[in-house]
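One structure below.
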Amino acid sequence: MHAVQKTAREGQVYLNTFVIRIILMDELLDTIRSRLVQNFSPSCQNKQNYLIENFQVPQFN
Numbered sequence: 001m002h003a004v005q006k007t008a009r010e011g012q013v014y015l016n017t018f019v020i021r022i023i024l025m026d027e028l029l030d031t032i033r034s035r036l037v038q039n040f041s042p043s044c045q046n047k048q049n050y051l052i053e054n055f056q057v058p059q060f061n
C-alpha cells in the first residue's frame with residue numbers, strides 16, 4: 001500500500017509540473033502573439049506583404 005501511495009504522489013507531482021509547463025507555454029505563445037501584433041499593427045495588407053517578402057521558400061532552378 002505504501003508503494004502505491006508513493007507512486008500516486010509521484011504521479012501527482014509529475015502531473016502538476018506538466019500542467020505548469022502547459023500554462024507557461026500558453027503564456028509564452030500569448031507574449032509572442034502580442035509582439036507579432038504590435039510589429040504588424042499598420043494593416044493586414046502590410047502584414048501579408050511582409051510575410052511574402054521575408055518568408056519565401058527558396059527557388060532552386
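Quick note on the numbering used here: the sequence shown kicks off at 1 and runs consecutively. Glycine included, every Cβ here is placed at the ideal spot set by N, Cα and C.
Going by C-alpha positions, Asn-54 is about 31 angstroms away from Ile-23. Note on geometry: alpha-carbon atoms of Met-25 and Leu-15 lie some 15 angstroms from one another.
Taken through DSSP and simplified to helix, strand or coil, Phe-18 comes out as helix.
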